[in-house]
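>
Structure representation (structure tokens):
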């Protein structure tokens, strides 16, 4: 890297934040935050969701100005008004939700906004190919981003930042979307780049990962930095306790409550792609019993979403039967299935779970528009809905100024608590929980886990889909591995490790005693 | 053991290379269309289908649609749905007539662009700054365009032309023809030889009576392509239509690009209005003159999959349908039905080849229906003929709109932060 010799020689730290305070109407997002990032290190910033990490990073990246405090980059005080100012100072950000235009090529995405560097033609293309190696991206720059998988999209994001000459790279929850093997590849990339002098600010609440990759850790709680730690010596538990300021929960449920009563019985379920060329769900057989949590592990896009949506009646199965407590659901619509006793925590609460612009009590009615306490006969019962929303807010510790605020005003964790509270209302016999703690903070996660455990102890059958393998192993009584639309293996959660599961999920050959092939799996035709 | 499967899931799709380059596909399409028309005109004995006169009229009528479609392309590539093209076009017709009868055709063009741009500016203010739903704002602009021009015509044109619905005559452009080439092509056309005469007729139509406006419009197409796909400005504009949040995070001025796009869009639609006013057959503003051509332009753009090349194809198709019915009436349009049957035959073979039984069956059914229509009628009823372009629009959109890819953030209101 001859083009950027300015960094890497001085003694100044790469980034120093001093006394940063940021207020929004009604909340203090950051108060008196201090953070020092040394050059060439991987510095982790840990904290619960809503602790103020994102706001802090937005300030550092010039998306929002701080109310008080100073930012120093390489020893010089700077003031960022826009992200371009931050980029000029050598700071780049890889957002948690990818900022990519799917219908543009890799090259177009990378050069966008930085056309002045190498134009948008052949010169830019050569530069991109040159930098691709550092990020481990092996695709032609002319490929559309929509054709890339999640890990490669992330590499494109890193490439964007490199292309602009950033030396300090903010990674905002980079592992949230990756499976363990991909996380390892990402960490290899990060270490490789670290050796070449890049500095990383790694935001995460996955503490094992933080300890694996970081050189130093700063913990942020309720908007302020509460201390630093050496990841080599501190335990995940200690770190987590710093984050929440108290004792910690775990997903573990070891005492079995599994009964013999079959609640959900899926037989021979098949679903084809819309063009009918190949199956998305291929002959799924599955049983969930009362008091049992059945976990589905799998790399995203292998049919888990479709399985859940087919059981919920949102997609029409090609063949097969779905039975809930001796009632044949196969031909029923989604509402009828819900009324039969299925609660459903959707994987994307913004798309399927909530109406973000509507008040909380209104959201309580969704899916219960035909049942008490939110309806009387053909009329909606708004009083009943409001009263029951108050109950959920109290029982599930939904932190909100009131039940009349729109759902969008709540943090992700509180939104999810509301959804879980709603779906556990009305005594369901089966709960389908898709990624129930995705993108929520430790506190909300603990509460959701507790509620699922409690409902399970009371005889609820649970179908759990999660990308968080610790959660899956901790909560489940049985784990099934899904690959290309089939359930290819069973795993025993008391013995299996995340690595074993990860291998099984990607179809890699490695195996262990804890993961067992379920049925005869024929080789796919393609 | 976990059974080993050869490949991992989530491998990024291999770079998909197009087997045939885009321009070759386009050339093939043009050749196919001419061949189809040629066979149809030979079989049905209607040389008008490919005569130079029809082509000339088709070009004239395709111009407003092409320009409106280009306007739609600009706006929608920046993520703003512009259903208000019709209204901006109406404003363009009025502006062209108002300036045209006083200062000549060039002034008409300028005024049309200005008036159309004003409509675009209004749409931009409503949708970009105030976050009004794009359809609502567009419909409002259509109503406003019609109402405003009615008011202005009564105010200004009535004393001059004694007709509140019409402007005084506008001076037309001088047109150019490639004389030598045209005559030679004319001889070839007169020979009535299969294919060669048809090609000659179409070419002769294209090089005869060309007005400066036609040339400008034709040049605007590659110019728009170059600006939108080959420059930094265009990349930014398109990124705003695909993912404005990503664009904003990279320092692209989202609002600015949307404003520019929508204003240019209005200007192009206004120019389309001028093309109607300066049409040699008419040469004045008439109330209701646009007749939904703004919408048809939008449809042509959608048919063209939000690409300039496809848009040209769409505009040519609609212009041709319009030109044919104006020029030759019901009998020839009926001959076109025969052409559609031929086309459907090709589609059936193609679908059978791809083993799409359902599509093939549907195509056969439609083909049989069309053929029955063709042999049972002597001519399409004249009441119906004038709606030919609209019917073509409907049919084409219903069939073609399945595999289209619009800009991802098209029609979404963007808010910073």
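Residue numbers (the numbering used here), protein chains in the order written: chain P, 73 to 598; chain S, 297 to 713. Note that the Cβ used here is the ideal one computed from N, Cα and C, for glycine as well.
1. Taking 8 Å as the threshold (beta carbon to beta carbon), is residue 520 (chain S) in contact with chain P?
2. Run through chain P and tell me which residues come within less than 8 Å of residue 278 (chain S), C-beta to C-beta.
3. What does the alpha-carbon distance come out to for the pair residue 557 (chain P) and residue 472 (chain P)?
4. How many Å lie between residue 647 (chain S) and residue 332 (chain S) at the Cα?
5. Assuming residue 116 (chain P) and residue 286 (chain P) are in contact, meaning their beta carbons sit under 8 Å apart, how far apart are those beta carbons, in whole angstroms?
6. Would residue 542 (chain P) count as contacting chain S if we go by Cβ distances under 8 Å?
7. Keeping to the same chain, check which residues put their C-beta closer than 8 Å to that of residue 136 (chain P); ignore five residues upstream and five downstream.
8. Can you give the Cα-Cα distance for residue 579 (chain P) and residue 253 (chain P), rounded to whole angstroms?
9. What are the boundary residues of the alpha helix (DSSP H) that residue 246 (chain P) is part of?
10. Using a beta-carbon distance below 8 Å, is residue 703 (chain S) in contact with chain P?
11. Quick one: is residue 427 (chain P) near chain S, going by C-beta distance under 8 Å?
12. Answer yes or no: does any C-beta atom of chain P fall closer than 8 Å to that of residue 699 (chain S)?
13. Are the beta-carbon atoms belonging to residue 343 (chain P) and residue 396 (chain P) less than 8 Å from one another?
14. Would you please verify whether the beta carbon of residue 548 (chain S) is less than 8 Å from any beta carbon of chain P?
15. Which of the three DSSP states, helix, strand or coil, is assigned to residue 591 (chain P)?
16. Which chain P residues sit within Cβ distance under 8 Å of residue 658 (chain S)?
17. What residue does the alpha helix (DSSP H) around residue 157 (chain P) start on, and which one ends it?
18. Quick one: which chain S residues come within Cβ less than 7 Å of residue 192 (chain P)?
19. Kindly indicate the opening and closing residues of the beta strand (DSSP E) around residue 564 (chain S).
20. Within the same chain, show all residues whose beta-carbon is closer than 8 Å to that of residue 349 (chain S), passing over the 5 residues directly before and after it, in chain order.
21. Check whether the stretch 473-480 of chain P touches the stretch 499-509 of chain P, counting contact only when three or more Cβ pairs, one atom from each stretch, lie closer than 8 Å.
22. Classify residue 193 (chain P): buried if its beta carbon has 16 or more other beta carbons within 10 angstroms, exposed otherwise.
23. Could you say which of S:614, S:542, S:507 and S:488 lies nearest to residue 473 (chain S) if we only look at CA atoms?
24. Could you check the C-alpha separation between residue 132 (chain P) and residue 206 (chain P) for me, to the nearest Å?
25. For residue 490 (chain P), which of helix, strand or coil comes out of DSSP?
26. Considering only C-alpha positions, which residue in the set S:361, S:385, S:330 and S:515 is nearest to residue 569 (chain S)?
27. In the DSSP assignment, find the unbroken alpha helix (DSSP H) run with residue 568 (chain P) in it and report its ends.
28. When DSSP labels each residue in this structure, what does residue 710 (chain S) get in the three-state scheme?
29. Please decide whether residue 127 (chain P) counts as near chain S, where near means a Cβ-Cβ distance under 8 Å.
30. Tell me whether residue 77 (chain P) is buried or exposed, calling it buried when 16 or more other Cβ atoms sit within 10 Å of its Cβ.
31. Contact criterion: CB-CB distance below 8 Å. Does residue 89 (chain P) meet it with respect to chain S?
32. Contact between the stretch 593-601 of chain S and the stretch 685-693 of chain S is defined here as three or more beta-carbon pairs at a separation below 8 Å; is this criterion met?
33. Name, going along the chain, the residues of the stretch 169-190 of chain P whose beta-carbon falls closer than 9 Å to a beta-carbon of chain S.
34. Within the 8 Å Cβ cut-off, does residue 156 (chain P) reach chain S?
35. Which full runs of the alpha helix (DSSP H) of 4+ residues lie inside the stretch 171-230 of chain P, going along the chain?
36. Does DSSP put residue 604 (chain S) in a helix, a strand or coil?
Taking the coordinates as given:
1. In terms of beta-carbon proximity, residue 520 (chain S) stays away from the interface with chain P, with every pair separated by 8 Å or more.
2. With chain S covering only 297 through 713, there is no way to say anything about residue 278 (chain S).
3. Their backbone Cα atoms lie some 40 Å apart in a straight line.
4. Going from the Cα of residue 647 (chain S) to the Cα of residue 332 (chain S) covers about 18 Å.
5. Contact check for residue 116 (chain P) and residue 286 (chain P): beta-carbon distance about 4 Å, within the 8 Å limit, so the pair qualifies.
6. No, no contact with chain S.
7. Taken in chain order, the residues that qualify are 94, 127 and 130.
8. Going from the Cα of residue 579 (chain P) to the Cα of residue 253 (chain P) covers about 12 Å.
9. It is not in any alpha helix (DSSP H) - residue 246 (chain P) carries neither H nor E in the DSSP assignment.
10. At least one CB of chain P lies nearer than 8 Å to the CB of residue 703 (chain S).
11. Taking Cβ atoms only, chain S never reaches closer than 8 Å to residue 427 (chain P), which makes this a no.
12. With 8 Å as the cut-off, residue 699 (chain S) does not count as an interface residue toward chain P.
13. No, Cβ-Cβ distance for residue 343 (chain P) and residue 396 (chain P) is not below 8 Å.
14. Judged by the 8 Å Cβ criterion, residue 548 (chain S) is in contact with chain P.
15. For residue 591 (chain P), the pLDDT reaches just 44, beneath the cut-off of 50, and the residue's location in the model is therefore unreliable, leaving the point undetermined.
16. Simply none; closest approach about 16 Å.
17. Counted as a single uninterrupted DSSP element, the alpha helix (DSSP H) harbouring residue 157 (chain P) occupies residues 155-160.
18. Result: 528 and 531.
19. Run containing residue 564 (chain S): none in the beta strand (DSSP E); it sits in the alpha helix (DSSP H), 550-573.
20. If we look at residue 349 (chain S) and ignore the five residues flanking it on each side, its Cβ neighbours are 501 and 623.
21. These segments do not touch.
22. So residue 193 (chain P) counts as exposed.
23. Out of S:614, S:542, S:507 and S:488, S:507 has the C-alpha closest to the C-alpha of residue 473 (chain S).
24. Each residue's CA atom was taken as its position, placing residue 132 (chain P) and residue 206 (chain P) some 24 Å apart.
25. Residue 490 (chain P) falls in the helix class under three-state DSSP.
26. Residue S:385 is the option with its Cα nearest to residue 569 (chain S).
27. Run containing residue 568 (chain P): none; DSSP gives neither H nor E here.
28. In the structure shown, residue 710 (chain S) sits in coil (DSSP, three-state: anything other than H, G, I, E or B).
29. Nearest CB-CB separation between residue 127 (chain P) and chain S: not below the 8 Å threshold.
30. Since pLDDT at residue 77 (chain P) reaches only 39, below the 50 mark, its modelled position is unreliable, and the value read off the structure follows with that caveat. With fewer than 16 other Cβ atoms inside 10 Å of its own Cβ, residue 77 (chain P) counts as exposed.
31. It does not: the Cβ of residue 89 (chain P) has no partner Cβ on chain S nearer than 8 Å.
32. Yes, the stretch 593-601 of chain S touches the stretch 685-693 of chain S.
33. Listed in sequence order: 169, 170, 171, 172, 173, 174, 175, 176, 180, 181, 183, 184, 185, 186, 187 and 188.
34. Yes, residue 156 (chain P) counts as interfacial toward chain S.
35. 178-183, 187-190 and 194-207, all fully within the stretch 171-230 of chain P.
36. Correct three-state label for residue 604 (chain S): helix.
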